[in-house]
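Visitor:
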Ligand code: DC
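In my numbering, the protein residues as written are 44 to 269.
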């Protein structure tokens, strides 16, 4: 049986929103481990929807079919090993999730209201005792507006492109820094200008610019706020 809504609402939430490459993922995972709380990578849900859309060849202009795909996602997160594995329809898709084309498709379908509505409740179900640290674009503005602490983590597009470049290089992928920079700018624009849940800090969010900071420095700042 699910806990009543009033009990669920009392479970504390910390939200970490911001553009891709700002270091959100690393900070959120570390913070969740530090506090012993649950962790929601909401971008992974959009990426899993994007993979399902590509696999099923759902037309990207068919809002109803996209919403249905998001609502009927057959997914789970396998936490039994060292790293969390994402499973879509019984298949481990963890590596596919981080591909550039998956990110681009995720950003496109994230602008579709029916997709956002379908994923809303699924995201809220991650709110479980003793607490949740949620990473995304609209965690503080739409999904958990009553969060105890809202952080908006940002960094210049140049620095984010360089971070992404290093990550992909380490994975052995052939990448072009100028192209990555252009893609990051395009994705920022799409995420910031969409009509539903655009990427922006909540009014009560604390903004941290990680441009000149190490992960350690950002983490210490966040912990001092907690
Ligand atoms: O954080 P990420 O790069 O894994 O997210 C992939 C895409 O999903 C991103 O371009 C925008 C979208 N997204 C969103 O719209 N809302 C969220 N809460 C998380 C991600």
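We treat Cβ as the ideally placed atom computed from N, Cα and C, and that holds for glycine.
Bear in mind the structure is a predicted one, so any value in this text is a computation, not a measurement.
Compute the Euclidean distance between the alpha carbons of residue 119 and residue 78, then round it to the nearest angstrom.
Guide: Position 76 of the chain shown, counted from the first residue, corresponds to residue 119. Position 35 of the chain shown, counted from the first residue, corresponds to residue 78. Taking the straight line from one Cα to the other gives about 23 Å.
Visitor: Assign residue 162 to one of three DSSP states: helix, strand, or coil.
Guide: Looking up residue 162 in the chain shown gives position 119. In this structure, residue 162 counts as helix in the three-state DSSP scheme.
Visitor: Would residue 58 be called buried (16 or more neighbouring beta carbons within 10 Å of its own) or exposed?
Guide: Within the chain shown, numbered from 1, the residue matching residue 58 stands at position 15. A residue is called buried when at least 16 other Cβ atoms come within 10 angstroms of its Cβ; residue 58 meets this threshold and is buried.
Visitor: Measuring only the C-alpha atoms, how far is residue 69 from residue 266?
Guide: Here residue 69 is taken as the residue at index 26 of the chain shown, counted from 1. Here residue 266 is taken as the residue at index 223 of the chain shown, counted from 1. Near 14 Å, if we compare the C-alpha coordinates of residue 266 and residue 69.
Visitor: Go through its chain and collect everything with a Cβ distance to residue 233's Cβ below 6 Å, but skip five positions before and after it.
Guide: For the purposes of this step, residue 233 is taken as the residue at position 190 of the chain shown. Only 150 meet the Cβ criterion.
Visitor: On the criterion of 16 or more Cβ atoms from any shown chain inside 10 Å, does residue 44 qualify as buried, or is it exposed?
Guide: Your numbering for residue 44 matches position 1 in the chain shown. No answer about residue 44 holds up, because its pLDDT of 49 lies below 50 and its placement is not dependable.
Visitor: Just the C-alpha distance for residue 143 and residue 54, rounded to the nearest angstrom, thanks.
Guide: As a first step, residue 143 must be located in the chain shown, where it is residue number 100. As a first step, residue 54 must be located in the chain shown, where it is residue number 11. Each residue's alpha carbon lies about 35 Å from the other.
Visitor: Taking one C-beta from the region 183–199 and one from the region 61–68 each time, how about it: are there three or more such pairs within less than 8 Å?
Guide: Segments in contact, yes.
Visitor: Alpha carbon to alpha carbon, how far is residue 140 from residue 156?
Guide: The residue labelled residue 140 in the question sits at position 97 within the chain shown. The residue labelled residue 156 in the question sits at position 113 within the chain shown. Using only the alpha carbons, I get a separation of about 22 Å.
Visitor: Residue 204: which of 227, 188 and 126 sits nearest, CA to CA?
Guide: Position 161 of the chain shown holds residue 204. Here the closest residue by C-alpha is 227.
Visitor: Expressed to the nearest angstrom, what Euclidean distance is found between the alpha-carbon atoms of residue 269 and residue 166?
Guide: What you label residue 269 is simply residue 226 of the chain shown in a count that begins at 1. What you label residue 166 is simply residue 123 of the chain shown in a count that begins at 1. Each residue's CA atom was taken as its position, placing residue 269 and residue 166 some 22 Å apart.
Visitor: In angstroms with no decimal places, state the Cα-to-Cα distance between residue 174 and residue 209.
Guide: Position 131 of the chain shown holds residue 174. Position 166 of the chain shown holds residue 209. Distance between the alpha carbons of residue 174 and residue 209 is about 32 Å.
Visitor: What span of residues does the alpha helix (DSSP H) with residue 193 cover, start to end?
Guide: In the chain shown, counting from the first residue as 1, residue 193 sits at position 150. Run containing residue 193: none in the alpha helix (DSSP H); it sits in the beta strand (DSSP E), 192–197.
Visitor: Is the separation between the beta-carbon of residue 245 and that of residue 56 shorter than 9 Å?
Guide: Taking the first residue of the chain shown as 1, we reach residue 245 at position 202. Taking the first residue of the chain shown as 1, we reach residue 56 at position 13. Contact flag unset, no.
Visitor: Are the CB atoms of residue 109 and residue 122 within a distance shorter than 9 Å?
Guide: Against the chain shown, residue 122 aligns to sequence position 79. Against the chain shown, residue 109 aligns to sequence position 66. Contact flag unset, no.
Visitor: Do you know whose CA, among 201, 236 and 192, lies nearest residue 224's CA?
Guide: As a working mapping, residue 224 is identified with position 181 in the chain shown. Measuring from the Cα of residue 224, the nearest candidate turns out to be 201.
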